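**Student:** For reference, the structure I am asking about is given below.
Protein chains: 2
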Amino acid sequence: MSDKILLGHGSGGTMTRKLIENLIVKTLGNPTLNKLTDAATLNLPSGRLAMTTDSFVVTPPVFPGGDIGKLAVYGTINDLVMVGTKPFYLSLAFILEEGIELELFRRIVDSIAEAAENVGVEIVTGDTKVVEKGKGDQIYINTTGIGIIPDGIEMSPERIQVGDKVILSGTMGDHGITILACRKGLEMKTDLKSDCAPLHRLVNAMLDVEPKIRVMRDPTRGGVASVLNEIAEQAGVEIKVEESRVPILPQVQGMCDLLGLDPFHVANEGKLIAVVPAESAEEVLSAMRALPEGKDAAIIGEVVAKTEYPEVFVETEIGTTRILEMLAGDQLPRIC
Amino acid sequence: MSDKILLGHGSGGTMTRKLIENLIVKTLGNPTLNKLTDAATLNLPSGRLAMTTDSFVVTPPVFPGGDIGKLAVYGTINDLVMVGTKPFYLSLAFILEEGIELELFRRIVDSIAEAAENVGVEIVTGDTKVVEKGKGDQIYINTTGIGIIPDGIEMSPERIQVGDKVILSGTMGDHGITILACRKGLEMKTDLKSDCAPLHRLVNAMLDVEPKIRVMRDPTRGGVASVLNEIAEQAGVEIKVEESRVPILPQVQGMCDLLGLDPFHVANEGKLIAVVPAESAEEVLSAMRALPEGKDAAIIGEVVAKTEYPEVFVETEIGTTRILEMLAGDQLPRIC
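The following block contains the structure:
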């Protein structure tokens, strides 16, 4: 096999076949995928089916704390678990740029295998395309996931009530600032790494304590600010955030100050925001803090009013108030 | 709204939101998609679930007989129906290149809406990423589809028996040669167009006549030759094709002769190959010919032996025999 990806690897002929058999299936194989049929036949328990899709175009494809493969698996898993789904199956589609090192591709596929194993999902169907040099950027991945939502779980912004607490599961902005530092060649000066992680275990622990969690979202592109604004808008409420309670690493805050970025707009890849009934918020928080992925969780705010003019505002540490807007324009492209 | 796609349209902030609400949801909307949750909640009848994924990178994105949007919907539908699935839901993920005209994007989304409506599937979840100019090529699309395989349908190459007939549903190579002509600026000199079409109706008609069809495949990348070789290998058989019986348009044959291409390696996007029990082959063929998408269907060959050395060979019109190999290397990149 060549040590680089060639256009022929996307031809649908013998080269494609060899790449798929010798590398992809060998690493990710299972009885369903191994059949290499046009569509995979699956078994699922009965229940409500959930489906989500994401394409990943992050640059660089390998960064401190993760790579595009891990990100693709966990990102899609996280979208499923945000609506309470138990994930079962993933599809996996590559768009490779001609000329990339086979070694890089192999590393990403290994990382995908490890991430899928870690979450307990199977890759059941896939696709590999190759585009000419200069028509892509090394590797783009689409993962689409399906799973089952257990009975009794029914999250929806409409259930949000005044007094509900807003919980953030950990420090804000780690992924975005890591990628930024990495691109600017600053990665040697900090031990910062991406928070890229799956949230299934955390979500299970939370729903065990309080099945009536109103809504959960993972603040990826657009950051915490964009997710809170989406929730406020969909629920028709005003949300207050207390800045002093928002967990953030000093390196992340420092980089944001230096670069004039608002950390509320910076992407996360292993964090969630949950709106939880006030009476069970402390108990949910304790369950979260008992897990490594929730050890820095905090109640960062609450729902203060129903309103026709949904809004998110921050009470700053010096006692002033500012409106927290959705990210406008683009802060940092290709974060995921 | 700007008349071009900007990086901000992929930021996850207000620009992303406006693009999704004002263009994508307005065109493709349905109660499930409109919720814009991280994962869509779906209803499916009971039965075996099937899943397939494909990324589309065809260039140019608009070509005679179709465009990348139509191709993405029909391509994924066709992969589902090849295993007898009734398609229900699609996910849709875009990778857009910064700077492309919003008008082109709108046209593609309209085309997706029309194709989905035509097949009776819903787009239930999606994703939009934007990459910098020069890091993509206008528009790449991933569609992942799920559906249900009715009881009693069980296609698999292992069921293939000696004597089974091989049917091709229509003329070979139309899509590949159209794209090639289009890229070389030859499109004005011919009325050739892509065969890009959904195959669900044809498959239903065939399974109504013969539920025990052994296997069906759509000969896209790699062409008829690659699909026949895959089938031969998976079934452990020798397949004979009679060249004189293979339907092909004179323009396609002419272009292939001119360019030194083997039409058996050229991609199709609205054709299928089926291996059918000998006793019902004529009846299946009649049912196919009764539909516009199967009007040129023909029995092109048969399974001649079980073997440890699977092989496909062609009896040429002049009475000689040649081995039909899978496509090696790449004939024409980015055909789909």
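So the sequences go chain by chain: A and B. Each residue of the first sequence is one higher than the one before, counting from 1 in UniProt numbering. Each residue of the second sequence is one higher than the one before, counting from 1 in UniProt numbering. Beta carbons: idealized from backbone N, C-alpha and C, even for Gly. In this text the structure is predicted, and so the values were computed from the model without any measurement.
Considering residue 105 of chain B, what are the terminal residues of the alpha helix (DSSP H) in which it resides?
**Tutor:** Unbroken alpha helix (DSSP H) run through residue 105 of chain B: 102 to 119.
**Student:** Counting along the chain, where does the alpha helix (DSSP H) carrying residue 268 of chain A start and finish?
**Tutor:** Here residue 268 of chain A belongs to no alpha helix (DSSP H), and DSSP marks it neither H nor E.
**Student:** What residue range is occupied by the uninterrupted alpha helix (DSSP H) comprising residue 31 of chain B?
**Tutor:** Segment 31 to 34, the alpha helix (DSSP H) holding residue 31 of chain B.
**Student:** Under 8 Å, Cβ to Cβ, is there at least one residue of chain A near residue 83 of chain B?
**Tutor:** Yes, residue 83 of chain B lies at the interface with chain A (some Cβ there is under 8 Å from its Cβ).
**Student:** Is the beta carbon of residue 202 of chain B less than 8 Å from the beta carbon of residue 169 of chain B?
**Tutor:** Result yes, Cβ atoms of residue 202 of chain B and residue 169 of chain B sit closer than 8 Å.
**Student:** Buried or exposed for residue 161 of chain A, going by 16 or more other Cβ atoms inside 10 Å?
**Tutor:** By the 10 Å Cβ count, residue 161 of chain A comes out exposed.
**Student:** Compare the beta carbon distance of residue 121 of chain A and residue 24 of chain A with 8 Å and say whether it is the shorter of the two.
**Tutor:** Not closer than 8 Å, so no.
**Student:** Counting only beta-carbon separations shorter than 8 Å, does residue 172 of chain B have a partner in chain A?
**Tutor:** No, residue 172 of chain B does not count as interfacial toward chain A.
**Student:** Taking Cβ-Cβ distances shorter than 7 Å, what residues in chain B pair up with residue 129 of chain A?
**Tutor:** By Cβ distance, chain B contributes 55 and 57.
**Student:** Could you pull the start and end residues of the beta strand (DSSP E) that residue 55 of chain B belongs to?
**Tutor:** Counting along the chain, the beta strand (DSSP E) containing residue 55 of chain B begins and ends at 48 to 56.
**Student:** Beta strand (DSSP E) containing residue 216 of chain A: first to last residue?
**Tutor:** 215 to 217 is the span of the beta strand (DSSP E), which, as asked, contains residue 216 of chain A.
**Student:** How about residue 219 of chain B and residue 273 of chain B: are their beta carbons less than 8 Å apart?
**Tutor:** A contact, by the Cβ cut-off of 8 Å.
**Student:** Tell me the DSSP secondary structure of residue 74 of chain B in three-state form.
**Tutor:** Of the three classes helix, strand and coil, the one that applies to residue 74 of chain B here is helix, per DSSP.
**Student:** Sorted by chain position, which residues of the same chain lie with C-beta nearer than 6 Å to residue 199 of chain A's C-beta, five sequence neighbours on each side aside?
**Tutor:** Excluding positions up to five away in sequence, the list reads 78, 81 and 272.
**Student:** Smallest Cα separation from residue 63 of chain A: which of A/180, A/232 and A/209?
**Tutor:** The shortest Cα separation from residue 63 of chain A among A/180, A/232 and A/209 belongs to A/180.
**Student:** DSSP three-state call for residue 334 of chain B: helix, strand or coil?
**Tutor:** Residue 334 of chain B falls in the coil class under three-state DSSP.
**Student:** If we ignore side chains and look at the alpha-carbon of each, how far apart do residue 289 of chain A and residue 296 of chain A end up?
**Tutor:** Cα to Cα, the separation comes out at about 7 Å.
**Student:** Would you kindly report the start and end of the unbroken alpha helix (DSSP H) that includes residue 126 of chain A?
**Tutor:** Where residue 126 of chain A is concerned, there is no enclosing alpha helix (DSSP H), although the beta strand (DSSP E) it sits in stretches over 122 to 131.
**Student:** Does the separation of the CB atoms of residue 287 of chain A and residue 209 of chain A fall below 8 Å?
**Tutor:** Cβ atoms of residue 287 of chain A and residue 209 of chain A: closer than 8 Å.
**Student:** Checking the sheet assignment: what are the DSSP bridge partners for residue 313 of chain B?
**Tutor:** Note: residue 313 of chain B sits in a beta bridge opposite B/240 and B/323.
**Student:** How is residue 62 of chain B classed by DSSP in three states: helix, strand or coil?
**Tutor:** Strand, per DSSP.
**Student:** Name the one or two DSSP bridge partners that residue 299 of chain B has.
**Tutor:** DSSP lists B/167 as partners of residue 299 of chain B.
**Student:** Contact defined as beta carbons within less than 8 Å: I believe residue 137 of chain A pairs with residue 53 of chain A. What is the distance between those atoms, to the nearest angstrom?
**Tutor:** Their Cβ separation, rounded to whole angstroms, is 20 Å, which puts residue 137 of chain A and residue 53 of chain A out of contact at 8 Å.
**Student:** Start and end of the beta strand (DSSP E) containing residue 160 of chain B?
**Tutor:** Premise fails: residue 160 of chain B is in no beta strand (DSSP E) and is neither H nor E.
**Student:** Between the alpha carbons of residue 135 of chain A and residue 7 of chain A, how many angstroms are there, rounded?
**Tutor:** Their Cα atoms are separated by approximately 12 Å.
**Student:** Under 8 Å, do residue 284 of chain A and residue 239 of chain A count as touching if we go by C-beta distance?
**Tutor:** No. Outside cutoff.
**Student:** Helix, strand or coil: how does DSSP classify residue 178 of chain A here?
**Tutor:** If DSSP states are grouped into helix, strand and coil, residue 178 of chain A belongs with the helices.
**Student:** Report yes or no: do the segment 96 to 112 of chain B and the segment 95 to 106 of chain A share at least 3 C-beta pairs separated by less than 8 Å?
**Tutor:** Output reads no: the segment 95 to 106 of chain A does not touch the segment 96 to 112 of chain B.
**Student:** Quickly, what does DSSP pair residue 86 of chain A with across the bridge? List them, please.
**Tutor:** DSSP output for residue 86 of chain A lists A/148 as bridge partner(s).
**Student:** Along the beta strand (DSSP E) that carries residue 42 of chain B, what are the first and last residues, could you check?
**Tutor:** Looking at the DSSP string, the run of the beta strand (DSSP E) that includes residue 42 of chain B is 40 to 42.
**Student:** Leaving out the 5 sequence neighbours to the left and right, which residues in its chain are closer than 6 Å to residue 364 of chain B when beta-carbon positions are compared?
**Tutor:** Only positions 1 to 336 of chain B appear in the structure, and residue 364 of chain B is not among them; the question remains open.
**Student:** What does a CB cutoff of less than 7 Å around residue 133 of chain A pick up in its chain, not counting 5 residues either side in sequence?
**Tutor:** Taken in chain order, the residues that qualify are 97, 98 and 99.
**Student:** Any contact between the segment 42 to 53 of chain A and the segment 141 to 156 of chain A? By contact I mean 3 or more CB pairs, one from each, below 8 Å.
**Tutor:** Cβ pair count under 8 Å is three or more, so yes.
**Student:** Could you tell me whether the Cβ of residue 12 of chain A comes closer than 8 Å to any Cβ of chain B?
**Tutor:** Yes, its Cβ sits closer than 8 Å to a Cβ of chain B.
**Student:** Rounded to whole angstroms, what's the CA-CA distance from residue 149 of chain A to residue 41 of chain B? Just pull it up for me.
**Tutor:** Answer to the nearest angstrom: the Cα atoms are 8 Å apart.
**Student:** Does residue 65 of chain B pass the burial test, meaning 16 or more other C-beta atoms within 10 Å, or should it be called exposed?
**Tutor:** Buried: at least 16 other Cβ atoms inside 10 Å.
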